[in-house]
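There are 2 protein chains.
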Amino acid sequence: MKSLVLRCPIEEVMQVLSGRWPTLLIYYLKGGAKRFRDLRKDNPTIYHKMMTLELRTLKEAGIIERSEFGGYPLRVEYELTSAGHRLVPLIDALGDWWEETQGVDVNMERIDRKS
Amino acid sequence: MKSLVLRCPIEEVMQVLSGRWPTLLIYYLKGGAKRFRDLRKDNPTIYHKMMTLELRTLKEAGIIERSEFGGYPLRVEYELTSAGHRLVPLIDALGDWWEETQGVDVNMERIDRKS
DNA sequence: CGGTATCCTCGGAGATACTG
DNA sequence: CAGTATCTCCGAGGATACCG
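Chains as they are written, first to last, in my numbering: chain A, 156 to 270; chain B, 156 to 270.
Structural data, given as structure tokens:
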């Protein structure tokens with residue numbers, strides 16, 4: 156998943172959203188701004204380093220915004236931009252499609268067996 | 156991107172669509188059934204092995220269907236299922252969102268921040 | 001022609017430690 | 001607390017050859 160061949164918006168957006176974390180992070184930011192450490196609590200299996208990297212690419216894509224508050228200990232908050240908020244329903248639609256699809260088309264056999 | 160923690164439909168659908176090829180393959184099948192070799196012409200940089208693997212996971216997800224016609228040389232065709240067709244507009248919406256976002260919002264916010 | 005098997009490498013990401 | 005630096009390791013996927 157490295158260099159792009161075409162300048163295709165779909166390929167580009169998938170480049171940003173691909174992988175396990177991006178959509179999860181967006182999901183957990185739906186409700187409003189959160190601190191770094193709270194996002195880690197939401198995603199207990201992600202590693203420190205990965206989270207900063209993932210958050211950075213989301214920021215560079217204009218999906219989230221990073222705010223650094225001075226003081227000690229440091230405090231950094233992330234929240235969805237307006238573009239990020241507009242993205243949420245599109246991702247949800249994919250989730251809905253998936254539930255629908257897996258329930259009906261693929262698992263037909265299972266349903267068959269039960270009846 | 157291995158084991159899933161949650162039974163979250165979004166995480167699951169992203170598992171299938173993540174990466175460079177799935178959405179591209181879906182895109183190239185929008186117009187109707189295609190042979191294996193024609194899909195390779197559409198995606199000249201994908202390798203033989205990868206394509207069979209990607210096509211297989213798409214099939215297992217119920218997005219495409221595989222038809223094998225006997226004869227020699229062998230002939231295999233792939234086409235979108237009805238679920239696959241319902242997925243297309245959702246992916247397109249992501250592409251549209253991306254174009255819109257990269258053109259307008261991201262730069263806007265940068266300009267805002269400067270003032 | 002389409003699919004599988006094999007080998008190999010290269011970098012993503014797990015894990016830990018350190019800095020501001 | 002958040003971010004960076006290192007080191008390591010494993011496996012996705014590139015490349016090629018062979019099979020049905």
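Ideal Cβ placement from N, Cα and C applies to all residues, glycine included.
Note on geometry: alpha-carbon atoms of residue 168/B and residue 236/A lie some 24 Å from one another. Any Cβ of chain A closer than 7 Å to the Cβ of residue 194/B would place that residue at the interface, and such an atom is absent. The residues 176, in chain order, have a CB closer than 8 Å to that of residue 205/A in the same chain once the five nearest residues on each side in sequence are set aside. Distance from residue 234/B to residue 220/B at the Cβ level is roughly 6 Å; contact confirmed, criterion being Cβ atoms closer than 8 Å.
In the structure shown, the three-state DSSP call for residue 189/A is strand. Only buried fits residue 173/B, as 16 or more other CB atoms lie within 10 angstroms of its CB. Scanning the segment 208-245 of chain B from its first residue to its last, the whole beta strand (DSSP E) runs of 3-plus residues come out as 219-224, 230-235. Assigned with DSSP and collapsed to three states, residue 165/A falls in helix. With contacts defined by Cβ atoms closer than 7 Å, residue 191/A and residue 243/A do not form a contacting pair. For residue 258/B, the three-state secondary structure derived from DSSP is helix. The beta carbon of residue 188/B sits closer than 6 Å to those of 232, 234, all from its chain and outside the five residues before and after it, given in chain order. Annotation for residue 181/B: the continuous alpha helix (DSSP H) segment containing it runs 176-184.
Listed by position along chain A, the residues whose Cβ is nearer than 9 Å to that of residue 241/B are 252, 255, 256. A distance below 7 Å separates the beta carbons of residue 249/A and residue 245/B. Linking residue 179/A to residue 186/A through their CA atoms gives a straight-line distance of about 13 Å. Residues of the same chain with a CB within less than 7 Å of the CB of residue 213/A, apart from the 5 flanking positions on each side, are 177, 180, 219 in chain order. Between residue 252/B and residue 241/A, the beta carbon gap of about 6 Å places them in contact (Cβ cut-off 8 Å).
Note that the C-beta distance between residue 238/A and residue 207/B is not below 7 Å.
A straight line joining the alpha-carbon of residue 198/B with that of residue 229/B spans about 20 Å.
Flagged as an interface residue toward chain B: residue 178/A, by a C-beta distance shorter than 7 Å.
With its beta carbon less than 7 Å from one in chain B, residue 245/A belongs to the interface. Non-local C-beta neighbours of residue 171/B in its own chain, meaning closer than 7 Å and more than five positions away in sequence, comprise 177, 212, 216, ordered along the chain.
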